[in-house]
Amino acid sequence: MQTGGSSLMDGIESPSARGQRGGGSAVSASRDPKAIAMAVGGALIFIVAIVLIVRAVGSVTAGVGDGSRIRVAIDSETGKVFKEFRIKDGETWPWKHPSTGRATLYPTEECYWTADGQAKLEPTHVLLNSIIGKDEKTICPDCGREVVAHNPMPPTDLLLKAAESFKR
Ligand SMILES: [Zn+2]
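So this is what it looks like as structure tokens:
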């Protein structure tokens, strides 16, 4: 890896830049998109950090070094969500329901949309049809959107808006 701080100067002095001297506009034209990309990247990192912090606050309470971890599970029979379900290392889903003893608990996908098309930071936890072998689209019960594996987050600007109202 190169050391930081030298890249801008290198861009001016390097042989590759000199090679492009004939088309001098190429250098300045390429600078703006780069700056925009960096700004967008910075905003995304900021958003991701906020979301991760918010999620961590909800799940940081247990699972300290006893060979278990906490995650969100949903009961395929009742739809009940277990926000802090403890899983022993190596246990694969479906996990055993603590009350019924039946293996009906599955990992969830998270939907960060609201019904009116805004983003929210406290997601709806959804059981994917595909995970239980149902050949149907999974529709979020809260907002009516389709939910898929590795469900994508809403756009950055909507998340920012949600983050701003969350801070109050
Ligand atoms: Zn939803």
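Residues 10 to 177 in my numbering are what the sequence shown lists, from first letter to last. Think of the CB as a built atom: it goes at the ideal place given N, C-alpha and C, for glycine as much as any other residue.
Give a yes or no on whether the C-beta atoms belonging to Pro-132 and Tyr-121 are separated by under 8 angstroms. The residue given as residue 132 occupies position 123 in the sequence shown. The residue given as residue 121 occupies position 112 in the sequence shown. Result yes, Cβ atoms of Pro-132 and Tyr-121 sit closer than 8 angstroms.
Quick check: is the beta carbon of Pro-103 nearer than 8 angstroms to any beta carbon in chain D? Among the chains of the structure shown, chain D does not appear; only one protein chain is present.
Bounding residues of the beta strand (DSSP E) (the contiguous stretch that carries Asp-84): On the sequence shown, position 75 is the one that residue 84 refers to. It spans 77-84 - the beta strand (DSSP E) in which Asp-84 sits, taken as one unbroken run.
Of all residues in the structure, which have a C-beta closer than 6 angstroms to any heavy atom of ligand 1, taken in chain order? Cys-120, Trp-122, Thr-133, Cys-149, Asp-151, Cys-152 and Arg-154
Bridge partner(s) assigned by DSSP for Leu-114: In the sequence shown, residue 114 corresponds to position 105, counting from 1. Answer is Asp-84 and Trp-104, bridged to Leu-114.
Same chain only: Cβ atoms within 6 angstroms of Ile-140, ignoring 5 sequence neighbours per side: Within the sequence shown, numbered from 1, the residue matching residue 140 stands at position 131. Result list for Ile-140: Tyr-115, in chain order.
Please classify Ile-56 as buried or exposed, where buried requires at least 16 other C-beta atoms within 10 Å of its C-beta. The count along the sequence shown starts at 1 and reaches residue 56 at position 47. Label assigned to Ile-56: buried.
For Val-90, which of Val-49, Glu-100 and Trp-104 has the nearest alpha-carbon? On the sequence shown, position 81 is the one that residue 90 refers to. Nearest of Val-49, Glu-100 and Trp-104 to Val-90, Cα basis: Trp-104.
Note down the Cα distance separating Thr-159 from Glu-118, rounded to an integer number of angstroms. Here residue 159 corresponds to residue number 150 of the sequence shown, with the count starting at 1. Here residue 118 corresponds to residue number 109 of the sequence shown, with the count starting at 1. According to the sequence as given, residue 159 is His; it is not Thr. Roughly 7 angstroms separates the two Cα atoms.
Indicate whether Arg-95 and Ile-83 have their beta-carbon atoms separated by less than 8 angstroms. For the purposes of this step, residue 95 is identified with residue 86 of the sequence shown, where counting begins at 1. For the purposes of this step, residue 83 is identified with residue 74 of the sequence shown, where counting begins at 1. Taking 8 angstroms as the Cβ cut-off, Arg-95 and Ile-83 do not qualify as a contacting pair.
Specify, as a first and last residue, the run of the beta strand (DSSP E) that Lys-97 falls within. Against the sequence shown, residue 97 aligns to sequence position 88. Unbroken beta strand (DSSP E) run through Lys-97: 90-97.
Assigned secondary structure, Val-60 (DSSP; H/G/I helix, E/B strand, else coil): Mapped onto the sequence shown, residue 60 falls at position 51. Of the three classes helix, strand and coil, the one that applies to Val-60 here is helix, per DSSP.
Determine which residues share a DSSP beta bridge with Val-156 and list them. The residue you call residue 156 lines up with position 147 of the sequence shown. DSSP, once it has assigned bridges, lists Thr-147 as partnering Val-156.
Among Ile-148, Ser-108 and Thr-109, which one has its Cα closest to the Cα of Val-135? In the sequence shown, residue 135 corresponds to position 126, counting from 1. Of the candidates Ile-148, Ser-108 and Thr-109, the one whose C-alpha sits nearest the C-alpha of Val-135 is Ile-148.
Provide the residue span of the beta strand (DSSP E) that contains Leu-178, from first to last. Residue 178 is absent from the model: the chain starts at 10 and stops at 177.
For Pro-42, which of helix, strand or coil comes out of DSSP? Residue mapping note: residue 42 aligns to position 33 of the sequence shown, counting from 1. Residue state, collapsed to three classes: helix.
Helix, strand or coil, according to DSSP, for Ala-48 in the structure here? For the purposes of this step, residue 48 is identified with residue 39 of the sequence shown, where counting begins at 1. Correct three-state label for Ala-48: helix.
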